[in-house]
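**Student:**
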Amino acid sequence: MATVARPVAPLEAIFRPDFSKVTFDFEPYLKEDLKLDLNGKPKQEDASVCKYYLRGTCFKGAACQFKHTNTREKAVVCKHWLRGLCKKGDHCEFLHEFNLKRMPECWFYSKYGECCNGDECMYLHIDPDSKIKECPWYARGFCKHGPNCRNKHVRRMICINYIAGFCPLGPNCAKGHPKYETPVIEEEEDLGHARFGGPVGPRPGYQGFKNLEEVTCFKCGEKGHYANKCPNGRTGPQ
Numbered sequence: 001m002a003t004v005a006r007p008v009a010p011l012e013a014i015f016r017p018d019f020s021k022v023t024f025d026f027e028p029y030l031k032e033d034l035k036l037d038l039n040g041k042p043k044q045e046d047a048s049v050c051k052y053y054l055r056g057t058c059f060k061g062a063a064c065q066f067k068h069t070n071t072r073e074k075a076v077v078c079k080h081w082l083r084g085l086c087k088k089g090d091h092c093e094f095l096h097e098f099n100l101k102r103m104p105e106c107w108f109y110s111k112y113g114e115c116c117n118g119d120e121c122m123y124l125h126i127d128p129d130s131k132i133k134e135c136p137w138y139a140r141g142f143c144k145h146g147p148n149c150r151n152k153h154v155r156r157m158i159c160i161n162y163i164a165g166f167c168p169l170g171p172n173c174a175k176g177h178p179k180y181e182t183p184v185i186e187e188e189e190d191l192g193h194a195r196f197g198g199p200v201g202p203r204p205g206y207q208g209f210k211n212l213e214e215v216t217c218f219k220c221g222e223k224g225h226y227a228n229k230c231p232n233g234r235t236g237p238q
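Following full-length UniProt numbering, the numbering of the sequence shown begins with 1 at its first residue and continues without gaps.
1. Taking CB distances under 9 Å as the criterion, tell me whether residue 230 reaches chain B.
2. Rounded to a whole number of angstroms, what is the C-alpha to C-alpha distance between residue 91 and residue 67?
3. On the three-state DSSP scale, how would you describe residue 160?
4. How far does the alpha helix (DSSP H) with residue 80 in it reach, from first residue to last?
5. Report the rounded CA-to-CA distance for residue 196 versus residue 146, giving the unit in angstroms.
6. Terminal residues of the continuous alpha helix (DSSP H) containing residue 110?
7. Use the C-beta contact count for residue 116: other C-beta atoms within 10 angstroms, 16 or more gives buried, fewer gives exposed.
8. Output yes or no for whether 9 Å exceeds the beta carbon distance between residue 26 and residue 168.
9. On the criterion of 16 or more Cβ atoms from any shown chain inside 10 Å, does residue 94 qualify as buried, or is it exposed?
10. With H, G and I counted as helix, E and B as strand and the rest as coil, what does DSSP make of residue 30?
11. Do you know how far the Cα of residue 218 is from the Cα of residue 229?
12. According to DSSP, which residues form a beta bridge with residue 165?
13. Out of curiosity, what's the CA-to-CA distance linking residue 154 and residue 82?
14. Determine the DSSP secondary structure at residue 170, reduced to helix, strand or coil.
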């Protein structure tokens with residue numbers, strides 16, 4: 001009896017399978033309740049945004065021909081639009097809509113801690129303690145600064161859905177989503193790392209000590225020493 005050979009799938013189907021026809025049971029919940037776009041097609045107004053900048057990997061900087069903007073900034077009402085002075089129109093990165101829940105921060109309250117308009121102020125009064133960033137090292141598992149850390153150490157119960165592979169709430173989830181990548185140290189944190197023995201480079205604008213051959217003493221006029229260590233004393237008319 002002759003055996004029928006099975007058709008061998010091409011390598012393209014093995015290494016690059018087509019998942020367009022694969023659906024999950026929770027997709028209707030994401031589309032209908034959370035209003036999420038699962039098609040992955042960029043909107044027309046977002047087509048000019050640099051996709052590498054959104055990932056933090058654009059090396060062109062100001063020379064990039066695409067727009068470097070954060071899509072989350074759209075959640076804040078444009079302060080220039082409120083006064084009728086925004087010239088960007090539909091290309092503005094901020095929201096052109098009068099929404100009291102998305103108003104920009106009150107400058108007087110953030111600067112002086114109080115506002116003469118009180119509860120009638122149309123801008124947001126944000127608690128200064130809420131502006132303190134969450135410590136990325138503590139969120140990852142351990143922070144060497146301990147209680148002396150300048151950032152917040154927030155304890156959260158771990159999200160079971162995130163550990164399993166997917167959390168439908170995303171960044172809005174109240175539980176902890178552990179990050180496994182190494183946090184990036186910002187320049188303003190150099191002082192804190194120096195206190196704990198961390199490697200810190202020279203600060204911008206620091207030139208160090210001059211060579212003594214280039215130093216001129218203003219007391220005696222000779223080169224080779226500073227005025228506070230002048231061996232000749234002050235010369236000239238007293």
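Virtual Cβ for every residue (Gly too), placed ideally from N, Cα, C.
**Tutor:** Once the coordinates are examined:
1. As a matter of chain content, chain B is missing from the structure shown, which is built from one protein chain.
2. 10 Å
3. helix
4. 79-82
5. At residue 196, the pLDDT of 44 sits below 50, so the modelled position is not reliable; the number obtained from the coordinates is stated separately. Roughly 11 Å between the two C-alpha positions.
6. 107-112
7. exposed
8. yes
9. buried
10. helix
11. 11 Å
12. Partner(s): none; residue 165 has no beta bridge.
13. 36 Å
14. helix
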